[in-house]
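Residue numbers (the UniProt record's numbering), protein chains in the order written: chain A, 1 to 384; chain B, 1 to 384; chain C, 1 to 384. Even for Gly, the Cβ is constructed at its ideal location relative to N, Cα and C. This report concerns only the one structure given below.
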Amino acid sequence: MSIELDLVPTGLMRAIDELALVDHHVHGAASRDLSRRAFEEMITESDRPVPEWMTQFDSQAGYAILRHCAPVLGLEPFCTPEEYLARRARLGTDEVNRRLLTASGIGHFLVETGYRGDEILGPSGMAELAGVPADEVVRLEAVAEQVAAAGCAADAFAERFAQALWERSRSARGLKSIAAYRCGLDFDPEPPSPEEVAQAAGRWLGSGDARLSDPVLVRHLIWAGIERGLPLQFHIGYGDPDVDLRRSDPLLLRGLIELAEPAGVPLLLLHCYPYQRHAGYLAHAYPNVYFDVGLGVSYTGARSAALVAESLEVAPFAKILFSSDAWGPAELHHLGALLWRRAMARVLGEFVAEGEWSMSQAIRVVSMVGAENARRVYDLGAGT
Amino acid sequence: MSIELDLVPTGLMRAIDELALVDHHVHGAASRDLSRRAFEEMITESDRPVPEWMTQFDSQAGYAILRHCAPVLGLEPFCTPEEYLARRARLGTDEVNRRLLTASGIGHFLVETGYRGDEILGPSGMAELAGVPADEVVRLEAVAEQVAAAGCAADAFAERFAQALWERSRSARGLKSIAAYRCGLDFDPEPPSPEEVAQAAGRWLGSGDARLSDPVLVRHLIWAGIERGLPLQFHIGYGDPDVDLRRSDPLLLRGLIELAEPAGVPLLLLHCYPYQRHAGYLAHAYPNVYFDVGLGVSYTGARSAALVAESLEVAPFAKILFSSDAWGPAELHHLGALLWRRAMARVLGEFVAEGEWSMSQAIRVVSMVGAENARRVYDLGAGT
Amino acid sequence: MSIELDLVPTGLMRAIDELALVDHHVHGAASRDLSRRAFEEMITESDRPVPEWMTQFDSQAGYAILRHCAPVLGLEPFCTPEEYLARRARLGTDEVNRRLLTASGIGHFLVETGYRGDEILGPSGMAELAGVPADEVVRLEAVAEQVAAAGCAADAFAERFAQALWERSRSARGLKSIAAYRCGLDFDPEPPSPEEVAQAAGRWLGSGDARLSDPVLVRHLIWAGIERGLPLQFHIGYGDPDVDLRRSDPLLLRGLIELAEPAGVPLLLLHCYPYQRHAGYLAHAYPNVYFDVGLGVSYTGARSAALVAESLEVAPFAKILFSSDAWGPAELHHLGALLWRRAMARVLGEFVAEGEWSMSQAIRVVSMVGAENARRVYDLGAGT
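The following block contains the structure:
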């Protein structure tokens with residue numbers, strides 16, 4: 001599955017290390033100092049308190065932090081959690097964020113702003129901190145919930161949402177749906193009728209529930225997003241316990257993918273763990289489907305090469321992207337990039353060592369997956 | 001997962017290289033010259049036009065062609081697509097086919113003839129070109145569609161189909177069902193009653209649709225095939241977008257497998273990607289189930305050893321077969337065999353290098369999977 | 001995926017070899033001599049007769065026996081099945097059992113007694129033979145079937161079952177449900193009402209069927225087990241053909257896991273193949289979920305490192321356990337432990353060799369997964 005990094009051809013290793021990545025799906029870094037408890041609760045997708053008989057540092061993500069982030073903070077690799085957190089506190093969040101983001105070598109962030117945005121940096125904060133461009137990706141459900149919070153009649157909902165979406169996404173590079181979290185991906189793929197939308201809006205707006213989870217409305221948001229015409233991201237697979245993993249299999253989107261195909265809007269399947277082979281099949285079969293294995297890479301640490309390898313099976317290389325999906329501690333932004341580089345080096349390095357690929361093919365694929373595909377899909381220009 | 005080929009013990013490598021394979025599920029080679037567009041559209045399972053911003057050569061299958069087929073055509077490995085296609089055109093399709101098929105070392109073809117048969121060679125053409133025996137596998141749905149095209153009353157359909165199947169399969173070695181493409185594998189496993197068949201035939205024959213997709217009729221074809229008594233192949237998993245991958249999981253066939261068990265007819269699960277572990281479980285549990293990982297091997301190229309390795313987990317080795325499932329460009333026939341040999345060398349070579357298997361065990365399994373199991377199941381005699 | 005064992009750092013290899021494992025889910029060793037037919041039928045999960053054209057020795061489990069158990073019986077590795085079985089018969093079952101169990105290095109057995117208990121040793125027999133403690137895990141369905149066999153009115157069933165469970169589990173360390181075998185895991189997760197239980201008990205007790213498979217009763221047993229408060233094991237995934245693998249995906253338990261969370265009872269997902277990544281996700285998301293990859297390890301032999309590696313992805317290391325799930329021939333107990341040790345050595349040895357983990361982290365995880373987690377969950381004390 002993987003080879004020692006010192007066996008990777010120098011030219012390939014250098015190309016990987018020097019590539020300015022486009023992180024096509026990421027959230028902001030935490031802007032406040034974090035207690036040990038808060039830190040541990042942010043290096044897991046679980047939203048439950050950490051049981052007293054364990055620590056989240058005993059995990060692939062925890063070990064990867066102690067191995068790879070410690071040196072960025074001036075510590076030896078494999079320090080203790082206590083040493084790590086003490087050093088982190090002494091440096092302060094701003095300095096920690098700047099060091100970790102800069103060292104990640106990410107050259108462009110597409111920042112999704114719809115989740116607990118008050119605890120983390122926005123696109124401009126990320127751009128300032130990392131010294132590279134940061135654009136926005138707008139979460140459809142967050143826009144709809146803002147429309148509802150502002151007060152809206154049921155039969156005005158569709159139009160108000162369309163207006164709000166247009167305003168919120170004026171300078172955005174993409175949109176995102178978290179249908180997987182709200183109703184599962186096994187929804188009816190057809191666009192709902194205006195009457196159905198108005199009825200569903202009436203039920204929701206009258207319910208007092210701030211959270212949008214009605215499948216009719218979720219579908220309406222997706223189709224309004226397709227009409228808006230920006231690349232549309234979907235949460236797929238692995239996430240916090242709010243997701244039913246069984247109902248977030250990307251194969252459930254087949255009907256929607258086929259109905260949306262004539263619109264020509266790129267559909268980007270995010271994360272996908274453990275369904276990366278399902279996502280790869282969809283990217284192989286349908287011109288409008290793309291995917292990444294972000295999030296899973298950070299959280300599988302020493303095993304991340306296996307995921308990256310599985311993502312490089314049947315999908316054309318023009319359809320695979322890089323993301324970190326980091327949220328909160330800048331360790332996750334750093335690991336997303338660093339572990340992806342190491343995984344690509346190991347997997348493609350092995351293809352080259354085995355005589356299956358040429359080194360120039362490997363370098364070409366690194367560049368496509370790490371930056372070029374995202375630049376083309378999101379129309380980001382040529383990069384630096 | 002795999003080791004360098006030059007670390008594979010010589011005796012094992014030689015046994016693998018010299019084995020005359022039985023390709024138990026393959027289609028004919030393309031008999032006409034191919035434009036670049038036509039060639040690219042045939043080295044993917046997608047039936048969509050290739051988008052202008054990509055080329056199918058940027059894929060595992062594309063890189064495998066440039067690596068492994070180029071030398072067979074007298075080029076250096078890792079030439080450009082342009083060089084490859086120019087050389088291919090200069091040699092001409094007949095010469096290209098002969099070189100690639102001969103170099104594949106396939107010793108016996110079982111050719112499934114039911115898909116776009118006018119564009120490709122039939123069994124006799126394959127036998128002539130490759131200089132080895134080629135027998136036929138008959139697609140049930142194609143026979144039924146021929147019966148319908150010839151004109152048939154609804155209540156005569158079952159008998160007419162039985163006659164046609166018998167005639168078409170007189171010298172065939174096996175039958176095949178593409179239920180996965182036509183109605184998904186989540187059909188009622190019971191044989192339909194004669195009344196149900198006549199009613200469904202009436203609906204279909206009156207519909208004007210040449211394509212058989214009614215689940216009642218698909219089930220009837222399968223049960224008629226079981227009654228015919230030849231080994232029965234099933235498309236499973238990965239294929240073109242016409243298949244709903246979620247509904248082509250082999251575990252959906254459990255009911256049918258159990259109902260068919262008393263008949264003693266071998267059921268052969270084809271391709272199976274990404275469900276090879278599910279197929280292996282069924283082959284472990286049920287005496288009448290066999291499987292292969294063809295198609296997936298060609299299309300995953302440098303990653304094909306991972307698939308082959310996953311196929312060698314819980315299934316008894318007497319239940320695993322080799323196929324290429326190639327259709328069209330003879331590159332796919334060549335890669336199906338060559339990548340399988342390399343994958344077996346890497347995977348079994350690693351078992352031996354790790355001290356887990358003896359070399360003679362590894363050689364035994366290569367011979368079983370590559371040829372002997374198919375010779376036994378399809379009653380092909382001892383081979384050369 | 002894995003490295004040569006002689007490349008594993010000495011300290012890690014020694015820690016793995018010397019660890020006294022806690023086998024948290026195992027059955028008794030066969031207490032009678034076994035014919036070749038009986039032996040072959042016990043080294044597979046299939047309950048079908050072995051077809052005449054194959055032998056179960058041609059499988060990963062078979063090759064692992066000839067490789068790893070032969071030396072324990074005083075034979076060369078890679079002997080023939082005939083040599084192996086002759087030697088086994090000459091030594092006699094008692095001596096074979098003692099050698100294989102002792103050499104396994106298992107330090108504590110949790111023996112599940114509910115399956116064909118008359119053919120195998122119970123906890124005291126296992127303790128005597130291996131010279132280490134053996135405690136019991138009680139199968140819920142077996143207790144209920146004993147209640148029914150003893151005669152019971154429908155409206156007394158719930159109370160009688162509660163009494164019997166309490167009595168049977170007085171000194172037990174855990175309980176087990178085989179819902180996956182009896183009704184599939186896609187059952188309604190809510191506890192049934194007393195009226196529903198009484199009605200379902202009436203249907204069952206009046207049916208003359210000794211086997212409990214009614215989903216209402218299965219659910220009642222599970223909830224009674226949660227109320228009993230002992231750690232609760234669930235059969236997941238791979239098993240004999242009696243299980244519908246598609247309906248034994250652990251993701252189907254999500255509703256139950258969430259409903260049971262407040263009770264604080266550990267839920268332990270057993271085996272899980274090929275759903276080990278799904279199980280790892282649940283163990284990541286929910287504090288009350290644990291899992292192992294037992295059974296799959298023995299039956300995948302030379303491929304078992306791949307399974308173990310996949311189990312070490314997103315789950316916190318405090319949530320992963322070791323089991324053999326052996327039943328019958330003591331070869332399976334031996335292989336469960338031996339192959340797990342070799343797999344951990346290869347997988348963690350590679351993490352260390354690649355510079356991703358420190359050796360002390362690797363040793364810590366071996367100890368947690370192999371023994372400490374089970375000692376904590378089942379309250380077994382500190383061990384020797």
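Note on D17 of chain A: under 16 other CB atoms within 10 angstroms of its CB, so exposed under the neighbour-count rule.
Within chain C, no C-beta atom comes nearer than 8 Å to that of E141 of chain B; the closest sits roughly 25 Å away.
Near chain A, meaning a CB-to-CB distance below 7 Å, the residues of the region 266-295 of chain C are R277, H278, Y281, H284, A285, Y286 and P287. In this chain, the alpha helix (DSSP H) harbouring Q146 of chain A covers L140 to A149.
Listed along the chain, the chain A residues whose CB falls inside 7 Å of the CB of R376 of chain C are W53.
Only residues of its own chain outside the window of five on either side were considered, and among them I257 have a CB closer than 6 Å to the CB of Y286 of chain B, listed in chain order. Its Cα nearest to that of G349 of chain A, the residue A:R364 stands out among A:R364, A:A374 and A:G336. Note: G328 of chain A is bridge-paired with A:A29 in the DSSP secondary-structure output.
Going by DSSP, I363 of chain B is part of the alpha helix (DSSP H) stretching over M359 to S367. The three-state secondary structure of L205 of chain B, taken from DSSP, is helix. Chain A has no Cβ within less than 8 Å of the Cβ of S298 of chain B. Contact between A30 of chain B and P329 of chain B holds, with the beta-carbon distance rounding to 6 Å and staying under 8 Å. Separation of R116 of chain B and R246 of chain B (C-alpha to C-alpha, rounded to the nearest whole angstrom) is 25 Å.
When C-beta distances to chain A are compared with 8 Å, the residues of the region 227-257 of chain B below that value are Y238, D240, P241, D244, L245 and R246, in chain order. The beta carbon of W357 of chain A falls within 8 Å of a beta carbon belonging to chain B, placing the residue at that interface. Inter-residue distance for D214 of chain C and Q146 of chain C is about 16 Å (C-alpha atoms, whole angstroms).
Sorting B:Q233, B:D325, B:E261 and B:G107 by C-alpha distance to the C-alpha of A382 of chain B places B:G107 at the top.
Taking a C-beta cut-off of 9 Å against chain A, the contacting residues of the region 312-340 of chain C are L312, E313, V314, A315, P316, F317, A318 and K319, listed in chain order. In the three-state scheme derived from DSSP, where H, G and I count as helix and E and B as strand, D135 of chain B is classed as strand.
Residue environment analysis places G131 of chain C among the exposed positions, since fewer than 16 neighbouring C-beta atoms fall within 10 angstroms of its C-beta. At a cut-off of 8 Å between C-beta atoms, Q56 of chain C counts as an interface residue with respect to chain B. Leaving aside the five residues that flank A279 of chain A on each side, the residues in its chain whose CB is nearer than 6 Å to its CB run, in chain order, P250, L269, C272 and F291. Secondary structure note for L269 of chain A: its beta strand (DSSP E) is the uninterrupted segment L267 to H271. The beta carbon of F187 of chain A does not come within 8 Å of any beta carbon belonging to chain B, so the residue lies off that interface. Cβ proximity to chain C below 8 Å picks out nothing from the region 8-26 of chain B. G208 of chain A and D240 of chain B have their alpha carbons spaced roughly 46 Å apart. Exclusion of the five residues before and after D244 of chain C leaves G184 as the residues of its chain whose Cβ lies within less than 7 Å of its Cβ.
In the structure shown, the three-state DSSP call for Q60 of chain C is helix. Using beta-carbon distances, E354 of chain B counts as an interface residue toward chain C, with a partner under 8 Å.
Take L259 of chain B, set aside five residues on each side of it, and the residues of its chain with a beta-carbon closer than 6 Å to its own are P189, in chain order. Contact with chain B is absent for G184 of chain C, since none of that chain's Cβ atoms lies less than 8 Å from the residue's Cβ. Taken through DSSP and simplified to helix, strand or coil, E52 of chain A comes out as coil.
For Y63 of chain B, the residues of chain A that pass the 7 Å Cβ criterion are W357 and Q361, in the order they occur in the chain. If you keep only unbroken beta strand (DSSP E) runs of at least 3 residues inside the region 284-314 of chain C, you get 289-292. At a cut-off of 8 Å, the C-beta of R67 of chain C has a neighbouring C-beta in chain B.
Among the residues facing chain B, F157 of chain A is not included, as its CB has no counterpart in that chain under 8 Å away.
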